[in-house]
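When the letters of the sequence shown are read in order and numbered with mature numbering (1 follows the signal peptide of the UniProt record, and there is no 0), they come out as residues -22 to -1, 1 to 158.
Note that CB positions come from ideal geometry on N, CA and C, so glycine has one too.
Here is the structure we will look at.
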Amino acid sequence: MKAPKFLFLYLLLTAVYFEVWAGNHYQTPSGVAYYIEPMYQFNWFEAYFECSYRNMSLYTIKNIEQFQDLHSLLMSGKFNNKPPNLWIGGIGLKSKFFWVKTQQPMTYDDLWAPNNPDNANEMEHCLQIWSGKRYLNDLNCERKIGFVCESNSEDHLTAMAHNEGKYRGLTINLYQNNRV
Ligand SMILES: [Ca+2]
C-alpha cells in the first residue's frame, strides 16, 4: 500500500526537477532545443558568458530553414506573439559581421531589418534578433536585451580539447604553487 505514496513522491520530485531544468529551455516546431532569456537584462558580453556558463553558445545562423524554425518558436504564443529582442553570436565592424562560434562571415543579407546594418552613431557592433522587425539588427553591444543560446553538442570534441587544456593549466599552477 506504500507504493502509491512513493509513486506520488517520485512524480512530484520529477515535476520539480523538470521545472528547474526546463527553466528557459524551449523547443522549435522541428524539435531543436534552445535556451532563451527574454528579459532585457544582458549586454552582449554578459549574454556570451551566460551561454558559455551553460556549456552553450550564442545562436549562430547555419541556414535560412534553421533561422525560420527558431523564428517560428519566437513568434509562438510563448512570447506574446512578438519575438523578443535577443543577442545572437555575431559581432562586426563597419557593417561587416561574422559568427564568433564558427568565425565565418555573416552572409544572410536578406535577414537584415530595413536600412540595417546601419552602425548608428558608429556604436553598433553586435548582432541581435530585433523585436517585431524582419529580422536582424546591429546594436550597441552595451544595450541590455535578452539572448538565445544553442547547444554545443556538435562541438563536443572541441569542448573536450578545451577542457583538457584548462586542466593542464591547473596542474601547472598547482605545481608552481608548491615550488613557492
Ligand atoms: Ca542598427
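Determine the direct distance from the alpha carbon of Tyr37 to that of Ile69, and round the result to whole angstroms.
-> As the crow flies, the alpha-carbon of Ile69 is around 12 angstroms from that of Tyr37.
Can we count Glu120 as close to ligand 1, meaning its CB is less than 6 angstroms from some heavy atom?
-> No, the Cβ of Glu120 stays beyond 6 angstroms of every heavy atom of ligand 1.
Beta bridge counterpart(s) of Met34 as assigned by DSSP = Beta-bridge partners assigned by DSSP to Met34: Ser129.
Closer than 6 angstroms: Asn21 CB and nearest ligand 1 heavy atom = For Asn21, the Cβ stays outside the 6 angstroms cut-off from all heavy atoms of ligand 1.
Cβ-heavy atom distance, Glu100 to ligand 1, below 6 angstroms = The answer is no for Glu100.
Whether Asn63 touches Gln19 by CB criterion (7 angstroms) = Cβ atoms of Asn63 and Gln19: not closer than 7 angstroms.
Span of the beta strand (DSSP E), counted from its first residue to its last, around Glu102 = It spans 102 to 107 - the beta strand (DSSP E) in which Glu102 sits, taken as one unbroken run.
For Leu42, count neighbouring C-beta atoms within 10 Å of its own C-beta (all shown protein chains included) and say buried if the count is 16 or more, exposed if not.
-> It should be noted that the sequence gives Ile, not Leu, for residue 42. The residue in question, Ile42, is exposed, as its Cβ has fewer than 16 Cβ neighbours within 10 Å.
Verify whether the separation of the beta carbon atoms of Ile14 and Val126 is less than 7 angstroms.
-> At the C-beta level, Ile14 and Val126 come within 7 angstroms of one another.
State the beta-bridge partners of Asp116 as determined by DSSP.
-> DSSP output for Asp116 lists Leu105 as bridge partner(s).
Excluding the five sequence neighbours on either side, which residues of its own chain have a C-beta within less than 7 angstroms of the C-beta of Lys111, listed in chain order?
-> Excluding sequence neighbours, Lys111 sits near Ala91.
I think Lys122 touches Asn21, with their Cβ atoms under 8 angstroms apart; what is that distance to the nearest whole Å?
-> Cβ atoms of Lys122 and Asn21 come within 8 angstroms of each other, at about 6 angstroms.
Leaving aside the five residues before and after Pro16 along the sequence, list all residues of the same chain whose C-beta is less than 7 angstroms from its C-beta, in chain order.
-> Only Phe57, Pro62, Gly124 meet the Cβ criterion.
For the beta strand (DSSP E) that Leu48 lies in, which residues bound it at each end?
-> In the DSSP annotation of this structure, Leu48 is not part of any beta strand (DSSP E); the continuous alpha helix (DSSP H) holding it starts and ends at 42 to 52.
With DSSP run on the structure shown, which of helix, strand or coil describes Lys56?
-> Reduced to three states, the DSSP call for Lys56 is helix.
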